[in-house]
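Just so you know, this note's numbering puts 48 at position 45 of the sequence shown, and the rest follows in order with no gaps.
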Amino acid sequence: MKRILCLTVLVLSASILFTGCALLVVGAAGAGGVAYVRGELKVTESVPHATAVRAAAKALSDLKISVLNQREDGLTSLLEARTSGDKKVTIKTRRIAEKSTEIS
4 MKRILCLTVL VLSASILFTG CALLVVGAAG AGGVAYVRGE LKVTESVPHA TAVRAAAKAL
64 SDLKISVLNQ REDGLTSLLE ARTSGDKKVT IKTRRIAEKS TEIS
């Protein structure tokens, strides 16, 4: 859970800092990799979808980013939020397998 939280914070930070970059690929330790393509950071983690969604919501809360909208259907989720500087933050999750989730 701690690793997912750290990666979610990384996704949030990168989405705020690197908007507009064409391509950045970073090797990640463990199950998957991290890719930054066309303004969207994606990571695949070896965790159940529900765990990833909880970690994303906790990361936003810990960073004091206000969640405006949250939708979940069991296979995907969408968290829409705004920073104190009024920057839009969107976290999407998609269940790939029982213990594999894509976070972007």
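All C-beta atoms, glycine included, are put in the ideal place defined by N, C-alpha and C.
So if DSSP puts residue i in a beta bridge, which residue, or which two residues, is it bridged to?
i	result
Ile94	Leu82
Ile99	Its beta-bridge partners do not exist; DSSP assigns none.
Thr47	Glu105
On a Cα-Cα basis, can you pick out the residue from the options that is closest to residue i?
i	options	result
Glu75	Tyr39, Lys91, Arg85, Arg57	Arg57
Leu71	Ser87, Leu78, Thr79	Ser87
Lys45	Lys102, Arg97, Glu101	Arg97
Lys91	Gly42, Val37, Ile7	Gly42
Leu63	Arg85, Tyr39, Ser103	Arg85
Ile68	Pro51, Asp89, Ile7	Asp89
Lys102	Leu66, Thr47, Thr11, Ser80	Thr47
Ser49	Glu83, Ile7, Tyr39, Ala38	Ile7
Thr79	Leu66, Ile94, Val37	Ile94
In the DSSP assignment, find the unbroken beta strand (DSSP E) run with residue i in it and report its ends.
i	result
Leu63	Careful: Leu63 lies outside any beta strand (DSSP E), inside the alpha helix (DSSP H) at 52 to 65.
Ser69	69 to 75
Looking at the ligand HEM, does it come within less than 7 Å of residue i, judged from the CB to the closest heavy atom?
i	result
Ala58	What this structure holds is no ligand at all, so the ligand HEM is not there to describe.
Could you have a look at residue i and say whether DSSP puts it in helix, strand or coil?
i	result
Ser87	coil
Ala25	The pLDDT assigned to Ala25 is 37, lower than 50, so where the model puts this residue is not dependable, and the model offers no usable value.
Would you say residue i faces chain B, with C-beta separation under 8 Å as the test?
i	result
Thr104	The displayed structure is made up of one protein chain only, and chain B is not part of it.
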